[in-house]
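In this note's numbering, the protein residues as written are 3 to 232. All C-beta atoms, glycine included, are put in the ideal place defined by N, C-alpha and C.
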């Protein structure tokens with residue numbers, strides 16, 4: 003026999019050692035659950051769910067790291083001989099051999115192409131917003147998974163908000179990233195001369211292609227997790 007305390011009236015109750023399931027308190031007649039169920043879940047479904055969750059964790063962590071790294075990385079690159087120009091969220095980075103110089107979008111408003119600089123500022127804001135969406139999304143994921151694991155106790159309403167907002171914030175990070183990239187890419191075509199030789203046509207960097215692929219995978223895996231939990 004095992005003696006436990008009723009969660010409703012705090013009276014002590016004796017149960018069988020191997021007892022599990024729903025029980026009724028003989029003192030207050032309140033129902034409570036005790037022990038572990040012997041019912042086994044199909045392993046194939048569990049393995050698939052675990053795989054989706056694992057890949058989702060990897061995609062979300064990688065997406066957050068790439069967005070932070072992307073604050074100082076080239077999103078659009080222009081190559082002309084030994085000269086390379088990169089457009090980053092904070093300005094234009096020009097390199098020639100071992101020499102490099104960065105001009106911020108704020109400086110560009112007065113000393114360079116004002117239109118490109120103005121669009122660059124919008125691009126910068128979109129990237130920052132995408133990063134904030136990603137941070138919020140990862141936070142909501144942590145809240146949901148800690149609650150499901152029993153490591154965090156919060157109200158059901160807060161859990162529901164975190165559950166639904168993690169899907170919205172995942173899409174928000176992707177949308178802001180894609181819009182920001184397309185905006186600076188098209189502006190680079192217009193202002194830096196798309197009718198010149200192919201060698202200096204503004205092109206997306208390998209970084210931004212990788213980032214968008216990871217964020218698309220993140221949204222897809224988040225959607226699959228939502229279907230699993232329905």
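- For residue 163, no pairing in a beta bridge is given by DSSP.
- For residue 137 against residue 66, the beta-carbon gap comes to about 7 Å, under 8 Å, which counts as contact.
- According to DSSP, residue pairing for residue 96 in a beta bridge involves 87, 103.
- Secondary structure note for residue 25: its beta strand (DSSP E) is the uninterrupted segment 23-26.
- The Cβ atoms of residue 229 and residue 58 do not sit closer than 8 Å to each other.
- Note that the segment 119-128 touches the segment 178-185; at least 3 beta-carbon pairs, one per stretch, sit closer than 8 Å.
- Of the candidates 226, 221, 105, 215, 215 places its Cα closest to the Cα of residue 68.
- Boundaries of the alpha helix (DSSP H) harbouring residue 128: 116-150, taken from the DSSP string.
- Nearest to residue 111 by C-alpha distance, out of 92, 101, 102, is 92.
- Across the structure, residue 64 and residue 78 are spaced so that their CA atoms are roughly 21 Å apart.
- Within the model, the alpha-carbon separation for residue 82 versus residue 95 is close to 14 Å.
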